[in-house]
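Here the sequence shown stands for residues 1440 to 1792, numbered as in the numbering used here.
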Amino acid sequence: MNPYLFIKTVRNARNAVAINWNRAMGREFIPSHRACLSIETSSLCNLDCCFCAYGKKQSPKVTMSDELFASCIAQALDLGYCEFDLTPCTGDVFMDRHIFNKLDFLDRNPRVRGYGFFTNFTIPRPRDVERLLRLEKFAGVAVSVYGHDLDTFLKITKSTEKVYRRLLKNLELLLALKPKTALPVHIAFHPGRRSVRGRTSDLLDILDRFKRAGATVRMSKALYNNWGGYVTKDDVRGLPITVGGADMIYKNGACVRLFTTIQIMATGIVNGCACRDADATLRLGDLHTSPLCDIVSARNPAYMSLIAEQQDGQFRPVCRSCDFYASIYRKNSGHAKNGVALQSLAEFTASLG
């Protein structure tokens, strides 16, 4: 058995006990403050990673217009959101050629507290990297790195050596600029090997220098989600990657992300989750036909039905295998640590109006 799968199995059993007990006692833990909204500015990507649903998704691959984005932000602010996660469900923000129009718009808006996103960092030009670091409300640079050398990069991303070299160049520039900015740098590293101990490469050297410069560099585990069945063992053949099954996570009760991680897709579709639903099968509404206040509302039968389904143990295909699932009946240790106020499902519904 994959050691990470074994660890997850043990944690899963432990969490199941806590979830069942809290549900029996009628205890629910939903964050009461509506702060962050996910907005997908582009559903396009320049990579086709083997463990991602991007290459198989059926939803349109488009970029959100600046006008729609401005409308999304205005409506979200009126609902109480003040922070924004621009990480696409599948894609990269820099595939939007007008992304800095949107970032500048956020930076200038006095009601916006902050924003951020993950990127594969292979697309920006040097002047884009420099411009990024000058933004005042940008939360920090978060980069997903695929592979530990050219060979593993090509196998995972199905891309080219030219793109790999561009990644190295951008990372070198970011490292050179880091002492001049207070922005934190976070790197999620997918090595393409069980271990990189004893291995050498230009990429590993750069990552090591980022660590020594105080950046956060975390190596991702070799256990991956199947994106509702889109990703199979054949897709990751030849790589030390285990694709999880549909029953990888114990599920009892609605997922807390239905309340905290709603996403506006690049198409204007409002989806119930920003994690693994590449084709928006948890669709709550469309901003082209309804305002956000009517979609994220107790008056919206699509939203209330989705919550009720999960409360009754009915999970749609993409949710059955999702490893981001977090039951409303399990109290997150980070809530107490960060002083997050919690509420019950009934209180949440009442607060929506």
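Think of the CB as a built atom: it goes at the ideal place given N, C-alpha and C, for glycine as much as any other residue. In this text, all values refer to a predicted model and were calculated from it rather than measured experimentally.
Spatial neighbours of residue i in its chain, beta-carbon cut-off 8 angstroms, leaving aside the 5 residues before and after
i: V1551; result: I1512, L1516, C1521, E1522, F1523, L1545 and K1576
i: H1774; result: F1468, P1470 and L1781
i: G1752; result: K1690 and N1691
i: G1778; result: none
i: E1748; result: F1754 and R1755
i: N1548; result: I1512 and L1516
Cβ pair residue i, residue j closer than 8 angstroms
i: A1705; j: L1791; result: no
i: S1598; j: F1628; result: no
i: K1797; j: M1687; result: One cannot answer for residue 1797 here, as it falls past the ends of the chain, which runs 1440 to 1792.
i: V1580; j: L1610; result: no
i: K1541; j: T1480; result: yes
i: G1692; j: S1744; result: no
i: F1556; j: L1525; result: yes
i: R1715; j: V1757; result: yes
i: L1616; j: E1600; result: no
i: T1620; j: L1574; result: no
i: V1584; j: I1626; result: yes
i: Y1603; j: A1578; result: no
i: C1694; j: Y1764; result: yes
i: L1486; j: K1500; result: no
i: L1476; j: I1746; result: no
i: Y1689; j: I1458; result: yes
Own chain residues within Cβ distance below 7 angstroms of residue i, not counting five before or after
i: H1587; result: P1630, G1631, R1632, V1635, R1638, S1640, L1642 and L1643
i: L1682; result: Strictly speaking, residue 1682 in this sequence is Val, with Leu absent from that position. So the qualifying residues of the chain are Y1663, N1665, V1670, T1671, K1672 and V1675.
i: R1605; result: T1561
i: A1648; result: Before going further, note that residue 1648 is Arg rather than Ala in the sequence given. L1614, listed in sequence order.
i: Q1497; result: D1718
i: L1607; result: D1641, L1642 and I1645
i: V1656; result: I1626, F1628, L1646, F1649 and K1650
i: I1680; result: F1490, A1661 and Y1663
i: A1652; result: L1614 and K1617
Best match in the options for proximity to residue i [C-alpha to C-alpha]
i: A1654; options: V1582, V1456 and H1727; result: V1582
i: A1661; options: L1607, K1650 and R1676; result: R1676
i: I1562; options: K1495, G1530 and G1579; result: G1530
i: N1665; options: E1467, I1478 and Y1493; result: Y1493
i: S1471; options: G1752, R1696 and S1729; result: R1696
i: S1729; options: V1757, I1767, M1687 and I1703; result: I1703
i: L1678; options: L1593, Q1750 and D1751; result: L1593
i: I1734; options: N1461, G1707, N1559 and T1558; result: G1707
i: Y1725; options: G1668, I1680, P1565 and S1510; result: The sequence given here has Asp at residue 1725, not Tyr. With distances taken between Cα atoms, D1725 lies closest to S1510.
i: Q1750; options: V1449, G1465 and V1456; result: G1465
i: D1762; options: G1667, T1591 and L1622; result: G1667
i: R1564; options: P1549, R1536, D1505 and T1591; result: R1536
i: S1504; options: I1680, H1727 and V1656; result: H1727
i: I1570; options: N1548, R1547 and D1543; result: Per the sequence presented here, residue 1570 reads as Arg, with Ile not at that position. Checked all of N1548, R1547 and D1543; the closest Cα to R1570 is D1543.
i: F1787; options: Q1514, V1656, S1772 and R1473; result: R1473
Residue burial classification, residue i (beta-carbon count within 10 angstroms, cutoff 16)
i: F1760; result: In the sequence under discussion, the amino acid at residue 1760 is Ser, which differs from the Phe named in the question. Burial call: buried.
i: A1463; result: exposed
i: P1740; result: exposed
i: E1467; result: buried
i: P1618; result: exposed
i: N1710; result: buried
i: D1650; result: Note that residue 1650 corresponds to Lys in the displayed sequence, not to Asp. Result: exposed.
i: P1527; result: buried
i: V1624; result: buried
Assumed close pair residue i, residue j - CB separation to whole angstroms, cut-off 8 angstroms
i: L1698; j: I1469; result: Per the sequence shown, the amino acid found at residue 1698 is Phe instead of Leu. About 5 angstroms separates the two Cβ atoms, so the contact holds.
i: R1769; j: N1451; result: Between N1451 and R1769 the Cβ distance is about 11 angstroms, and since that is not below 8 angstroms, they are no contact.
i: T1596; j: C1488; result: 5 angstroms
i: T1558; j: F1539; result: About 13 angstroms; that fails the 8 angstroms criterion.
i: L1731; j: L1518; result: 6 angstroms
Proximal residues to residue i (C-beta, below 6 angstroms), its chain only, five neighbours per side dropped
i: A1789; result: none
i: K1776; result: none
i: L1784; result: E1467
i: T1591; result: G1631
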